[in-house]
Each structure stands twice: as C-alpha cells, then as structure tokens.
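Sequence lines, in order, name chains L and U.
All residue numbers for the first sequence refer to the working numbering, where the first residue is 1 and numbers rise by one.
All residue numbers for the second sequence refer to the working numbering, where the first residue is 84 and numbers rise by one.
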Amino acid sequence: MTVWLAAAVAMVAMLVPLGLTAMRGSTLDRLVTLELASATQTIALILLAEGFDRDVYFELAVVMAVLSFAGNLVYARFLEHGV
Amino acid sequence: MSLRDGVVAVFLGLGVLVTLLSVVGVIVSRNVYQRLHFVTPGAVLAPLLVAAAVVAKRHSTSADSRRSPRSWPWSCSDPS
Chain L
1 MTVWLAAAVA
11 MVAMLVPLGL
21 TAMRGSTLDR
31 LVTLELASAT
41 QTIALILLAE
51 GFDRDVYFEL
61 AVVMAVLSFA
71 GNLVYARFLE
81 HGV
Chain U
84 MSLRDGVVAV
94 FLGLGVLVTL
104 LSVVGVIVSR
114 NVYQRLHFVT
124 PGAVLAPLLV
134 AAAVVAKRHS
144 TSADSRRSPR
154 SWPWSCSDPS
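This is how it looks when you write it as structure tokens:
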C-alpha cells in the first residue's frame, strides 16, 4: 500500500464519525457536517486517483467538488427560511 | 526513500492531520457557530496540502523523466 492509498483510507475512515455526527443534532449542525464530509470525500477521491495512478479519476474529484459546493449552497438557501 | 518521497509524505501527513483535527473539532464543538470554525481548515487548507503533494510528485517525476535517457528513445537509436 502506497502512502497515497494509506492517506485515502484515513480520509474515508474519517467519513464514519462525520456520518454519525450528521445523524444527530440540529439541521444546521448536519449541514455543517455535510460540508466538511464533502470536502473530505473530494480529497479522498484525489488520493485514490493518485494512488491508483489513473488521471481519469481526477475528473471524478473535480465533479464532486463542484457539485458538493453547489449542493451545499442549495441546502443553505433551502434552510434559510427555517432559521 | 528519496527526498521527493519525503516531501510528498510530509504534505500528505499534514493534510490528513488537518482534516483529522477538523473532524474532531466539528464533533466536539457545542453549537453550530463553533463548528463552522473547524470546517474552514478542512475545506481549504487540507486540499491545498494534498494538491502540494500531488504537484511535488508530478514536478519531480517530470524532472526525473527529462533526465532519464529512457524518456528519449530517439537518442538511444543513434547509429553512431
């Protein structure tokens, strides 16, 4: 296992406590946890792409970054009326 | 382990450490305003550190390939 894949495993492992945190708390707490989880997931995809030495996989990370950014903005806008 | 591998490992270790501290901070914080403080390092600093590791690997790899004679096959087929 290369250092890239080890870092990717660490990143994926950190998604577990974030997911557990997102299951409880208020709605805004869940949104904040979702933001950090999306950033962590994007980094994990980059590390997996570099670990497997496939440049094509970087596109998945780029798409994930753009969609998670827009998705979090939509969630925040949607929840704005309830705050 | 070469110098390049050391630099890449340091950048990756810092990236994972920053993310780990962000995750712990988000979990431990009491309210949403405190949680927001811990999201920023994990969303900004950690990707920059990982990107620096990728650039360090790619840059040194391309420099090695320029120096390596195997990357210039036409120079190996020199009849002289």
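Ideal Cβ placement from N, Cα and C applies to all residues, glycine included.
* Do three or more CB pairs link the stretch 102–115 of chain U to the stretch 18–28 of chain L at distances below 8 Å? -> yes
* Tell whether a beta-carbon distance below 8 Å holds between Val-106 (chain U) and Gly-125 (chain U). => Locating residue 106 (chain U) in the second sequence gives position 23, where the first residue counts as 1. Locating residue 125 (chain U) in the second sequence gives position 42, where the first residue counts as 1. Against a cut-off of 8 Å, the Cβ pair of Gly-125 (chain U) and Val-106 (chain U) comes out as a contact.
* **Nearest to Leu-73 (chain L) (by Cα), restricted to the options L:Ala-7, L:Asp-55, L:Ala-44 and L:Glu-35** => Position 73 of the first sequence, counted from the start, is the residue given in the question as residue 73 (chain L). Answer by Cα proximity: L:Glu-35.
* Asked: Nearest-angstrom Cα distance between Glu-80 (chain L) and Met-64 (chain L)?
  -> The residue you call residue 80 (chain L) lines up with position 80 of the first sequence. The residue you call residue 64 (chain L) lines up with position 64 of the first sequence. Cα to Cα, Glu-80 (chain L) sits roughly 24 Å from Met-64 (chain L).
* So which residues on chain L does Ser-105 (chain U) lean against when the C-beta distance must stay under 7 Å? -> Position 22 of the second sequence, counted from the first residue, corresponds to residue 105 (chain U). Simply Leu-36.
* Asked: Buried or exposed: where does Leu-45 (chain L) fall if 16 or more other Cβ atoms within 10 Å of its Cβ makes it buried?
  -> Here the question's residue 45 (chain L) lines up with position 45 in the first sequence. Buried, by the Cβ-count rule.
* Given a threshold of 16 other Cβ atoms within 10 Å of its Cβ, counted over all protein chains shown, does Ala-13 (chain L) qualify as buried or as exposed? -> Taking the first sequence and counting its residues from 1, one reaches residue 13 (chain L) at position 13. By the 10 Å Cβ count, Ala-13 (chain L) comes out exposed.
* Asked: Would Leu-1 (chain L) count as contacting chain U if we go by Cβ distances under 8 Å?
  -> In the first sequence, counting from the first residue as 1, residue 1 (chain L) sits at position 1. The identity of residue 1 (chain L) in the sequence shown is Met, whereas the question assumes Leu. False, the Cβ-Cβ gap to chain U never drops below 8 Å.
* In the stretch 44–61 of chain L, which residues sit with their C-beta less than 8 Å from some C-beta in chain U, listed in chain order? -> Ile-46, Leu-47 and Glu-50
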